[in-house]
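Engineer: Take this structure, written in structure tokens, and hold onto it; I'll ask about it next.
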Amino acid sequence: MPQSDDDRLVDLAARIEHEDPRFARSLTNGRPTRPREYRRTGAWWVLIAGLGMLVAGIVVPDGLLIAAGLVTSGIGVQLIDPYRRPDEDDARRPSPR
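Numbering follows the numbering used here, with no gaps: position 75 of the sequence shown is 82.
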């Protein structure tokens, strides 16, 4: 017997509550926030920290600090990328049918 639409909606609501409680709470309040995969504040902080390390490494000639700044900046840019899928491993797996 096929699953009813109500059961699917309840399952979807439970999954959203489990994966992103902040987003689920905001939906119940009527003022939705961005889902977790679209929040990039932490990524901006990583990029700023990386650029700060890069500049500090250039000012104080320190190759290790320059390298760490470049790596951290690269990580920040990757996190900010709008075309990055939140979980690329799940996208490659075939969906169960």
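For each residue, glycine too, the CB sits at the ideal point set by N, CA and C.
Taking residue 22 as part of the alpha helix (DSSP H), name the residues at either end of that continuous run.
Structural biologist: 12–26
Engineer: Can you grab the Cα-Cα spacing for the pair residue 77 / residue 49, in whole Å?
Structural biologist: Cα to Cα, the separation comes out at about 17 Å.
Engineer: Which residues in the same chain as residue 33 place their Cβ atom closer than 6 Å to its Cβ, once the five residues preceding and following it in sequence are excluded?
Structural biologist: Beyond the five residues adjoining it in sequence on each side, residue 33 comes within less than 6 Å, by CB distance, of 39, 40 in the same chain, given in chain order.
Engineer: Rounded to a whole number of angstroms, what is the C-alpha to C-alpha distance between residue 54 and residue 26?
Structural biologist: 26 Å
Engineer: Among the residues of its own chain, which have a CB less than 7 Å from the CB of residue 72, if the five just before and after it don't count?
Structural biologist: 60, 63, 64
Engineer: Roughly how many angstroms separate the alpha carbons of residue 23 and residue 88, rounded to a whole number?
Structural biologist: C-alpha separation (whole angstroms): 23 Å.
Engineer: Quick one: using the 10 Å Cβ neighbour count with 16 as the cut-off for buried, is residue 80 buried or exposed?
Structural biologist: buried
Engineer: What's the call for residue 37, buried or exposed, on a 16-neighbour Cβ count within 10 Å?
Structural biologist: exposed
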